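Protein chains in written order, with the numbering used here: chain Z, 1 to 559; chain D, 1 to 262.
No residue lacks a Cβ here, since even glycine has one placed at the ideal position from N, Cα and C.
Since the model is a prediction, treat every value here as computed from it, not as a measurement.
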Amino acid sequence: MNKLFLKFAMLPAPFWRSLGADTDQLSAILDMRLMIDNRRPIGFGRRQTQKKEIKHGTITSTILFTFMGAFYSLPLFVVPDRVISLALYFTIIFLMLTLSLITDFSNALFDNKDKYTLFPRPIDDRTLVLAKLLHIFIYLMRMVIPTSFAAWCLLTYQDGWTSTLVFPIAITLLTFMSLFVVNGVYLIILKLTTAERFKDIISYFQVIASVVFFAIVYLRPRNINIDVNALDPARYRWVQFVPSYWLASFWKWLGHPTLLGGGVVTTLCGLLVPVFCIVALVRWLAPEFTRKIAGIDGAEVSMPITARGKKAKQNRLYLKLATLFNRSDAAKAGFMLAWLQTSRSRTFRMRVYPSMAFIPIYFIYLLTQNGSSIAEAFSALHGSRKYLLLLYMSSYVLINGLSYMLMSDQYKAAWVFYSSPVDPPGKVMIGAFKALCVKLFLPFFIAITIFILYIWGISVVPDILLAMINVLVLAICMARISMRQLPFSSMEHMKQSGGRVVRSLLTMLIPGVLGFAHYLSMEIWWLKLTLAFLSVALLWFIWESYATTTWANVRKEEM
Amino acid sequence: MTPIITIQGLRKQYGDKTVLNNINLEVAPGQIIGYIGPNGAGKSTTVKILTGIIQDYDGQVTVLGKNLRDSVMEVKSKVGYIPELAELYDLLTPREYLTFIGKLYKLDDHIIEDRATRMLTSFGLIDNMDQRMDSFSKGMRQKVLITSGLLHNPSIVFMDEPLSGLDANAVILVKELLQALKQEGKTIFYCSHMMDVVEKVSDRIILINNGTIIADGTIEELKQGNSDTLEQIFSRLTSNGDFVQRADDLAAAMSDRNDLKL
Numbered sequence: 001m002n003k004l005f006l007k008f009a010m011l012p013a014p015f016w017r018s019l020g021a022d023t024d025q026l027s028a029i030l031d032m033r034l035m036i037d038n039r040r041p042i043g044f045g046r047r048q049t050q051k052k053e054i055k056h057g058t059i060t061s062t063i064l065f066t067f068m069g070a071f072y073s074l075p076l077f078v079v080p081d082r083v084i085s086l087a088l089y090f091t092i093i094f095l096m097l098t099l100s101l102i103t104d105f106s107n108a109l110f111d112n113k114d115k116y117t118l119f120p121r122p123i124d125d126r127t128l129v130l131a132k133l134l135h136i137f138i139y140l141m142r143m144v145i146p147t148s149f150a151a152w153c154l155l156t157y158q159d160g161w162t163s164t165l166v167f168p169i170a171i172t173l174l175t176f177m178s179l180f181v182v183n184g185v186y187l188i189i190l191k192l193t194t195a196e197r198f199k200d201i202i203s204y205f206q207v208i209a210s211v212v213f214f215a216i217v218y219l220r221p222r223n224i225n226i227d228v229n230a231l232d233p234a235r236y237r238w239v240q241f242v243p244s245y246w247l248a249s250f251w252k253w254l255g256h257p258t259l260l261g262g263g264v265v266t267t268l269c270g271l272l273v274p275v276f277c278i279v280a281l282v283r284w285l286a287p288e289f290t291r292k293i294a295g296i297d298g299a300e301v302s303m304p305i306t307a308r309g310k311k312a313k314q315n316r317l318y319l320k321l322a323t324l325f326n327r328s329d330a331a332k333a334g335f336m337l338a339w340l341q342t343s344r345s346r347t348f349r350m351r352v353y354p355s356m357a358f359i360p361i362y363f364i365y366l367l368t369q370n371g372s373s374i375a376e377a378f379s380a381l382h383g384s385r386k387y388l389l390l391l392y393m394s395s396y397v398l399i400n401g402l403s404y405m406l407m408s409d410q411y412k413a414a415w416v417f418y419s420s421p422v423d424p425p426g427k428v429m430i431g432a433f434k435a436l437c438v439k440l441f442l443p444f445f446i447a448i449t450i451f452i453l454y455i456w457g458i459s460v461v462p463d464i465l466l467a468m469i470n471v472l473v474l475a476i477c478m479a480r481i482s483m484r485q486l487p488f489s490s491m492e493h494m495k496q497s498g499g500r501v502v503r504s505l506l507t508m509l510i511p512g513v514l515g516f517a518h519y520l521s522m523e524i525w526w527l528k529l530t531l532a533f534l535s536v537a538l539l540w541f542i543w544e545s546y547a548t549t550t551w552a553n554v555r556k557e558e559m
Numbered sequence: 001m002t003p004i005i006t007i008q009g010l011r012k013q014y015g016d017k018t019v020l021n022n023i024n025l026e027v028a029p030g031q032i033i034g035y036i037g038p039n040g041a042g043k044s045t046t047v048k049i050l051t052g053i054i055q056d057y058d059g060q061v062t063v064l065g066k067n068l069r070d071s072v073m074e075v076k077s078k079v080g081y082i083p084e085l086a087e088l089y090d091l092l093t094p095r096e097y098l099t100f101i102g103k104l105y106k107l108d109d110h111i112i113e114d115r116a117t118r119m120l121t122s123f124g125l126i127d128n129m130d131q132r133m134d135s136f137s138k139g140m141r142q143k144v145l146i147t148s149g150l151l152h153n154p155s156i157v158f159m160d161e162p163l164s165g166l167d168a169n170a171v172i173l174v175k176e177l178l179q180a181l182k183q184e185g186k187t188i189f190y191c192s193h194m195m196d197v198v199e200k201v202s203d204r205i206i207l208i209n210n211g212t213i214i215a216d217g218t219i220e221e222l223k224q225g226n227s228d229t230l231e232q233i234f235s236r237l238t239s240n241g242d243f244v245q246r247a248d249d250l251a252a253a254m255s256d257r258n259d260l261k262l
């Protein structure tokens, strides 16, 4: 499959050459990268299982994307104007791709694993940048093809062969547009700033951008049942500046007239803007890329003591907390490592911190599902029991944090656990779990609690407590079942990067079931009490089981 | 004297490949053992078994009088391991990293603090103690790694190329450290390709090739009355010595000359 994608990415080879890239090198680099992606490190004696896991993971994501794609193609069903319906559809896909690019593939452009393999070779910056971009493009296509499958079938059925042919072109251009816009912004920031500051700037940009895009995706007007005849074209002139509309306007030439106008100019924009983006990116932004990227981490220097260092010496809160929350030294070690790494790992911050913003956004999304405005929804809150939604959704922050706490670029540094007398390793794992609860979950849960108490009053305190226990049960349960790994001991695989957004949303379904059980027990006090006792017992039981995880049960990567 | 390490019939296979083939060895306490061999000979695998990192092997291994299979945690707590240019969590500072390591060995906070400060001072890293290690050079990282391997005052220290990345002064310091540790009665199991260092510091040299011990003795015993250096002995025992021809062939291959002698 990868070979096919590689051929597809190399189809415009003459164009890549005209941009200044060396296509022989480009093809060799891409081939090598895809080969490496297929050969993830394997743990002792776990070769077969993990290979199967990857395969199953790929099939599951493909099914998920196809399913989500069918849902996204709803506008094509309900909006009679083909151009408008496609513009809506392309907008959704564009937003999904952009969000995924920011959250899942954000660091692919800047990782400097190539520092010793590619940077010393006579490879042009343009070739290197294009290789990185096309590598990401190949992974985007693995998402885009299943996602757009339903729409493609529908268009073929409704419009005939012309749409069948034009749709793949439009969707490829859309993918390119999204890819080059996001990475173009990164490269502009890289060009304007110093290598040292770039890390921080990009990290903030990614957090903010992912929150903004998430908000756009979920808080956009959802009333897509547009009455085309009632549209006033004069009010919608701005759509002609929207990239997804440019691509949709291709259909005007296939015999689908539209009310909103557009024509030669929008179609030309659709065709030429992606090309312009590529040219701008490779020709103007790529030069100096290697020098800058090498500078990001390339400080083989001994720096004088820094203010941050002095502060670290004085502020050793993590040690006090580690002692406060843990009895065994192994648990303290796990707590400390998790506390410090989660503060400093850019990847962790980028992946987990936005999830705290996602919860309120998703809450508002659910509140306004019935078509009411945000103000109306908030004023009706007091009479409802929707605080349960918010309480159970908070589990997403903890579970998301837990899954990313296992990953690190320096997963090989976990050798220290294997050479030191840690027994059982579950102690380290439970220490790290506690650190995440104290540092990430508790402050977030307290903030939610304050909001809930403000709206619903003190009478809901028992529900808050029960929900907190249930969320902890859920998190420890997930950790016990699918995350029995030492903290920061696993490598992140590009192959598994796509679709995190979709998977994350599915993670929300399970707390939904728990929340529903809680909801059913609301009127019956003894049932609620029984549930509380059951939850506490379950929490204790699973907690103990997780904390006593033996070496035989720990999942390992190769050291 | 009771051996501190005893290995009997040690075998290790990865799939069809035999990495260690019937290793038998006894190490007396307080010695510096130079464990040498070509790449892929099985040095690191031996060390990983002795430190309890690899636990599926055949044969009997006794360390500090304990059967390694039965008392792996006890052994781990009393040995130190310094791997070659190993990864460390470099987002942490040396102080934080060493505190973390100290906790894994159940050391008290004040002992960690005291030992870490004194050892890093000796390594000239005290000013960098609160800096994140992602800006450190290879040598600085290696110094932190050596400190982390010695922090819990182990009885046996396993060093796998500990001089990697160190500058000349640091190499001298580590060589002196080896002697100082020996004076303290510690046993050192030292793997390296730097033959001159091994020759100078080792009380006993063990040469391994293709998973089998092919030479074992003091440097004088290995010389057998010749004036060979360790490097020459190594080369004689582990290769057919045709380096000039092979270098020629390499150069010829590079310039597309066809005078390769096959």
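Residue i burial status per 10 Å Cβ neighbour count (16 or more: buried)
i, result
"Z:THR147", "buried"
"Z:HIS135", "buried"
"D:THR2", "exposed"
"Z:TYR204", "exposed"
"D:ASP242", "exposed"
"Z:VAL78", "exposed"
"D:HIS110", "exposed"
"Z:THR550", "exposed"
"D:HIS152", "buried"
Beta carbon proximity, residue i to chain D, threshold 9 angstroms
i, result
"Z:LYS332", "yes"
"Z:LEU406", "no"
"Z:ASP329", "yes"
"Z:LEU340", "yes"
"Z:SER419", "yes"
"Z:VAL428", "yes"
"Z:ALA322", "yes"
"Z:GLN25", "no"
"Z:MET350", "no"
"Z:PHE67", "no"
"Z:ARG555", "no"
"Z:SER244", "no"
Residues that residue i bridges to, as DSSP identifies them
i, result
"D:LYS78", "Answer by DSSP bridge pairing: none, since D:LYS78 is not bridged."
"Z:SER490", "Z:MET407"
"D:ILE208", "D:ILE213"
"D:ASP160", "D:CYS191"
"D:ARG11", "D:ASP58"
"D:THR18", "D:GLN13"
"Z:GLU376", "Paired residue(s): none; Z:GLU376 is not in a bridge."
"D:GLU26", "D:THR6"
Chain Z contact for residue i (CB, 9 angstroms cutoff)
i, result
"D:GLY52", "yes"
"D:ALA268", "Limits of chain D in this structure are 1 at one end and 262 at the other, which puts residue 268 of chain D out of reach."
"D:ARG69", "no"
"D:SER77", "yes"
"D:GLU84", "no"
Residue closest to residue i, alpha-carbon to alpha-carbon, out of the options
i, options, result
"Z:GLN158", "Z:ILE171, Z:ASP81, Z:LYS191", "Z:ASP81"
"Z:PRO424", "Z:PRO487, Z:ALA331, Z:MET356, Z:VAL460", "Z:ALA331"
"D:GLN142", "D:HIS152, D:GLU87, D:SER192", "D:GLU87"
"Z:LEU133", "Z:LEU74, Z:PHE105, Z:ARG17, Z:PHE149", "Z:PHE105"
"Z:LEU398", "Z:THR549, Z:LYS386, Z:PRO511, Z:LYS191", "Z:PRO511"
"Z:LEU76", "Z:GLN206, Z:MET68, Z:LEU86, Z:PHE67", "Z:LEU86"
**Report entry** Inter-stretch contact at 8 angstroms, needing at least 3 Cβ pairs: the region 119-127 of chain Z / the region 360-380 of chain Z
**Finding:** The region 119-127 of chain Z, when compared against the region 360-380 of chain Z, does not touch it at the 8 angstroms Cβ threshold.
Query - Given 8 angstroms, three or more beta-carbon pairs between the region 333-345 of chain Z and the region 423-440 of chain Z - result: yes
Query raised in the report: Pairing CB atoms from the region 47-64 of chain D with CB atoms from the region 243-256 of chain D, are three or more of them under 8 angstroms?
Result: Three or more beta-carbon pairs separated by less than 8 angstroms are not found between the region 47-64 of chain D and the region 243-256 of chain D, which leaves the two stretches without contact.
**Report entry** Contact between the region 2-15 of chain D and the region 446-459 of chain Z (3+ Cβ pairs under 8 angstroms)
**Finding:** no
Query raised in the report: Any chance the region 25-36 of chain D sits against the region 183-200 of chain D, with 3 or more Cβ pairs inside 8 angstroms?
Result: yes
Report task. Would you be able to state if there are at least three C-beta pairs under 8 angstroms between the region 480-487 of chain Z and the region 406-414 of chain Z? Result -> yes
Query raised in the report: Are the region 204-222 of chain D and the region 42-58 of chain D in contact at 8 angstroms, needing three or more beta carbon pairs?
Result: yes
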